[in-house]
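**Q** Below: one structure in structure tokens.
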Amino acid sequence: MTPIVQIFFKLIYDEPYNENKVIDYIKQHKKSLVKPLPSVEGGNAFMLLLKLINQFKNYNKSVHKQEIQKAIFAMRRAVFLLVQYAPESLDNRDFKQQNPLIFPAEWADFDLIDLMLKQGARPDTLDYQGMTPLHAIIKTHSQSCFDLMLSVNPDLTVKTADGQTLLHTASKFGNSYAVGYLTKREPQLKNETDFHDEIPLEQAKRVLTNADYWHMINNAMKKQLPQSHWQQIVDKLSF
């Protein structure tokens, strides 16, 4: 972490917090904050903040929970300011070519997604795995965030590195709303196969009939949808 970024992190945690001081610092040191950090992973201050927030959100232990929530609040506040006053931050990728929008998509953070989209972030851009923010938001089951991403007219035919369409993801993770929308807008997706030669219907049927697979999908989503939920997905894909 460079000295300029270190000072920036100090300012965002300062108490009492001075937002104008942080904004002035961003404006003064925009070039340094936007450019990649001298690390193996690459990425800039903006990407570093997103990754740290993600790590803290996935911290399951109850110890230091209050401090963690406080840190997440401070970093999220800083992310908003960087998007507003240094929107060039969104153009920088790490060594995985991760789209920064993938993080708020995984969190279903409507306000941050909205701001990033307004600054030009694209929900259909692929990373090194072929994953997109659209795939990520479908897993969360957030209808409002999904609709928000649709408002910028993304490419609904994007696929992951293993050939998974958005409809594959929606079917596998039981997102009935997304399945309904995608089958109406892009009906040909029902017949698209992934690299395992499976169409979306086959993936939905596996979750419906295989208890182990159903448990794995629920764990991946951190939800507890009944196995019978996938019957409606199968019904929608069968017509």
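With the working numbering, letter number 152 in the sequence shown gets 870, and the count goes up by one each step, no holes.
All C-beta atoms in this analysis are idealised placements derived from N, C-alpha and C, irrespective of residue type, glycine included.
1) Would you kindly work out how many angstroms separate the C-alpha atoms of Glu806 and Ile856, rounded to a whole number?
2) So, do the stretch 856-868 and the stretch 884-894 have three or more beta carbon pairs nearer to each other than 8 Å?
3) How is Thr883 classed by DSSP in three states: helix, strand or coil?
4) Alpha carbon to alpha carbon, how far is Glu910 from Leu874? Give it in angstroms, no decimals.
5) Could you tell me which of Phe821, Tyr731 and Ile722 sits nearest to Leu755, measuring between CA atoms?
6) Determine which residues share a DSSP beta bridge with Lys877 and list them.
7) Answer yes if the stretch 791-800 comes into contact with the stretch 769-779, meaning at least three C-beta pairs across the two stretches below 8 Å, and no otherwise.
8) Measuring CB atoms only, is the stretch 886-895 touching the stretch 910-929, in the sense that at least three cross pairs come out at less than 8 Å?
9) Determine the DSSP secondary structure at Gly848, reduced to helix, strand or coil.
10) Is the number of C-beta pairs between the stretch 899-913 and the stretch 922-931 that are closer than 8 Å three or more?
11) Which of helix, strand or coil does DSSP assign to Gly898?
12) Just to confirm my understanding: we take Gly898, look at its own chain, exclude 5 residues before and 5 after, and list those with CB closer than 8 Å. What are they?
13) Report the rounded CA-to-CA distance for Leu768 versus Phe727, giving the unit in angstroms.
**A** Based on what the coordinates show:
1) Against the sequence shown, residue 806 aligns to sequence position 88. Against the sequence shown, residue 856 aligns to sequence position 138. Cα to Cα, the separation comes out at about 27 Å.
2) yes
3) Numbered from its first residue, the sequence shown carries residue 883 at position 165. Thr883: strand per DSSP, three-state reduction.
4) Working through the sequence shown from its first residue, we reach residue 874 at position 156. Working through the sequence shown from its first residue, we reach residue 910 at position 192. If I take the Cα positions, the gap works out to 13 Å.
5) Position 37 of the sequence shown, counted from the start, is the residue given in the question as residue 755. Considering only alpha carbons, the answer is Ile722.
6) For this step, residue 877 is matched to residue 159 along the sequence shown. DSSP lists Thr883 as partners of Lys877.
7) yes
8) yes
9) On the sequence shown, residue 848 is found 130 positions in, with the first residue counted as 1. Coil, per DSSP.
10) no
11) Translated into positions along the sequence shown, residue 898 becomes position 180. Reduced to three states, the DSSP call for Gly898 is helix.
12) Position 180 of the sequence shown, counted from the start, is the residue given in the question as residue 898. Cβ neighbours of Gly898 beyond the five flanking positions: Lys954.
13) As a working note, residue 768 is residue 50 in the sequence shown. As a working note, residue 727 is residue 9 in the sequence shown. Rounded to whole angstroms, Leu768 to Phe727 spans 13 Å at the Cα level.
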